[in-house]
Amino acid sequence: MQAFLQQVVSGIASGGIFASLALALVLIYNAMGLVNFAQGEMAMLATFIAFTLIDHGISYWIAFPVTLVVAFAGGILVQRIVIRPVERAPILTLVIVTLGLATLVNGVAGFIFGYVPRSFPSPFSVQTVNLLGAFVSYRDLGVIGVSAVVLLLIYLLLQRTTIGLTMRAAAHHPEASRLLGVHVSWMLALGWGLASAVGAVSGIMVAPILLLEPNMMQTIIIYAFAAAVLGGIESPLGAVIGGLIVGVTVNLAGAYLPFVGGDLQLAVALAIIIAVLVIKPNGLFGRPSVRRV
Amino acid sequence: MLQRIRTAPPRYWLVVVAILFFAGWPTVISSFQAGQWALALILAIAIMGLNILVGYSGQLSLGHGAFMAFGAYASAILAHRYKMDYLATIPIAGLLTGMVGFLFGVPALRLSALYLALATFALAVVMPSLIKRPFGLTGGVQGISLPPVVVPQFAKDGFTMLTGSAMTSDQWVYYVTFAYALVLFWLAWNLVRHRAGRAMRAIRDGEVAAAASGINIAGYKTLAFGISALYAGIAGSLLGLATGYISPDTFPVSLSIQLLVGAVVGGLASIPGPLLGGIFAYFLPIESNQWVPTQTWIPSQIVATVVKAGPAVTYGVVLILLMIFAPNGIVGLANAGYTRLRRRLRGAADRESGHMPPDPQTV
């Protein structure tokens, strides 16, 4: 029972990481109906920026917000330079562009930082604390806490501020918003910036657990896909809950299904994606889409 | 007959020139280079399959490397465990992969283009670890070594008669690949110009309108998936023949991306596109790997990094720029250039003879 609880808690911790990245995916999906295949790679690059800052002796708690600001600006820049020219292109074109972006960012990171895995510092120790009978590391608790704060902030921004309202309006009814004086294109850019910053959080959280190298996010993005699809790809709340479910499921499957073990956990994520898409394509919290033809 | 030859449109001549070129090319280049060109043709076959799916039927697959892996392992297991002749396993592997693709196409029916891209991408990422698991069958991480290629006597005799030198196994593999490429490109050419191809394009351009015209949407979409996987399976099987060894790491995610780059660079929804794309996607990393270490201005410590990261950076930039500026790839650019050239030439001739050129708006 105790071992089970421990697996659940560490599943929640990785679930928080998946949830952040999934939330980033949802933000961009909501803004322009597109899954950003480069989200993980952008997060990886941001993590490298944080690594460089910390490596130069800057304290973790300064490097963290600085990285988020840089990631935010980077996201806006990417939207302005790469995405805007193809904004109205068919979805096929957009997906290929984000995939090209993923390849490019991965290559650039390898180019600048090399492919040697580096250990990334964590402000939380790996010492454990007894929590209701389960031994939980401070690092897992820290990851859960940071993820929760970020998700709460995004929720407040989207639901309780004017700028959040404008962003949602621009995403849902671009024409009507434009008539009301909303800069729709800039709202999309803002969405990209926000997504990039949220993704960066997941990168910084996951880097101490995995080692930091250009391909670090390649598996995490698949878990985030699974989380976003499970939650219904347009629902921020769904992404969070989907992330937690995926994290716990994958962890428990790895621990208790001998067939899965450590190396087929990713296949569990694939199975979740396909099962959701086939059985309930709108996910847990998505609305069924109606299309006028 | 003569009349038909004289009035054949220029693209038929291009086809003849291309076939003669690829048939004669290995007699000019070295045996090693023939092996490289065989690999480029293998990529071209897989890209043709991807092109049928993405370009003609409008479904996006980012996981064609996984289908190549399936084909390669099907062949390798048949040849290694059941001692079949490797050449005989190639069509079997193709058909098996086609069946798997057909089955994968059934759940794919319910998915929008975006979700399909997601699911196939996840498949490509997961495939290597899926292969490692059935250890007894696939050899796990170690992969499968295949028996060396034996050049049959008739090919040896023919090659010696033509060139005066003995045929190497690389050259034999090249000609096997060339034969498959020829047949598969010819089939694709016929497919896209006839009933099935028209139906696929109609579905791509407007699913509801196609359904209203009585096209069996589900049938043609899964058919496209199956045919596309068949191409990828044959390409994977040929890859095993060419390299003599396959392992899970032969089929990383980057292979699927390489295929997509090739399809986009050559030009989606075109027949010569995949050929050009395959050559580009294969030779770009090879050539840059050879070129970079010869550049003395690059410090030797970072040469290794440049060699490793260079293709990814180039692929990314090429994908983005092409999608923004030339979404129809090389073939699209060539077609546009040819049309403009003809218009210019016709305009010049018309000026000399005093005819008014036809108004492009009304023609």
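From first to last, the protein sequence lines stand for chains V and L. 328 is the number that this note's numbering gives the last residue of the first sequence; the numbers go up by one with no jumps. 375 is the number that this note's numbering gives the last residue of the second sequence; the numbers go up by one with no jumps. From the three backbone atoms N, C-alpha and C, an ideal C-beta is built for every residue, glycine too.
For the region 293 to 312 of chain V, the residues whose beta carbon sits under 8 Å from a beta carbon of chain L are, in order, D298, L299, L301, A302, A304, L305, I308, I309, L312. In this structure the region 297 to 310 of chain V does not lie against the region 81 to 97 of chain V, because fewer than three pairs of beta carbons, one per stretch, are closer than 8 Å.
For V:F86, there are no C-beta contacts with chain L under 9 Å, since the nearest C-beta of that chain is about 17 Å from it. Under DSSP, V:R213 forms no beta bridge with any residue. L:Y232 counts as buried, since no fewer than 16 other beta carbons sit within 10 angstroms of its beta carbon. Among the CB atoms of chain V, none fall inside 9 Å of the CB of L:A346.
DSSP places L:I310 in the coil class of the three-state scheme, outside both helix and strand. Using a Cβ distance threshold of 9 Å, L:G322 and V:N141 do not count as a contacting pair. Taking the CA atoms as reference points, L:L288 sits about 12 Å from L:N63. Taking CB atoms only, V:G50 has no neighbour in chain L less than 9 Å away. The C-beta distance from V:A274 to V:V101 rounds to 26 Å, too long to fall under 8 Å, and the pair is not in contact.
V:A302 sits buried, since 16 or more C-beta atoms from the chains shown fall within 10 Å of its C-beta. L:P22 sits exposed, since fewer than 16 C-beta atoms from the chains shown fall within 10 Å of its C-beta.
Excluding sequence positions up to five before and after V:A263, its CB lies within less than 7 Å of the CB of A57, L60, V61, A274, G277, all in the same chain and listed in chain order. Nearest in C-alpha terms to V:V130, of all of V:G68, V:N165, V:A144, V:M77, is V:G68. Note on L:K95: under 16 other CB atoms within 10 angstroms of its CB, so exposed under the neighbour-count rule. L:F295 and L:L107 have their C-alpha atoms spaced approximately 29 Å apart.
CA-CA distance, L:G278 to V:F260, rounds to 30 Å. Beta-bridge pairing by DSSP links L:S157 to L:Y257.
Secondary structure of V:S172 (DSSP, three-state): strand. The C-beta of L:F166 comes no closer than 9 Å to any C-beta of chain V. Note that the C-beta distance between L:M212 and L:G70 is below 9 Å.
Bounds of the beta strand (DSSP E) holding V:V164 are 163 to 166. Taking a beta-carbon distance threshold of 9 Å, L:S266 counts as an interface residue toward chain V. Against chain L, the CB of V:I126 has a partner CB under 9 Å away; the residue lies at that interface. One finds V137 in chain L with Cβ atoms closer than 8 Å to the Cβ of V:T254, taken in chain order. Residue environment: V:A211 is assigned as exposed (fewer than 16 neighbouring CB atoms within 10 Å of its CB, all protein chains considered). Under the rule that a run must span 4 or more residues, the alpha helix (DSSP H) segments found entirely inside the region 71 to 113 of chain V read 74 to 90, 95 to 113. Linking V:V233 to V:F107 through their CA atoms gives a straight-line distance of about 9 Å. For a Cβ distance threshold of 8 Å, residue set A124, T128 of chain V lies close to L:P339, ordered along the chain.
Going by beta carbons, L:Y85 and L:I227 fall outside the 9 Å limit.
Residue environment for L:S157: exposed (fewer than 16 other C-beta atoms within 10 angstroms of its C-beta). The shortest CA-to-CA distance from L:E299 to any of L:V112, L:W49, L:M60, L:S43 is the one to L:W49. The secondary-structure analysis by DSSP pairs V:R153 across a beta bridge with V:L247. L:A214 has its alpha-carbon roughly 9 Å from the corresponding atom of L:A223. Here L:G238 is buried, its C-beta having at least 16 other C-beta atoms within 10 Å.
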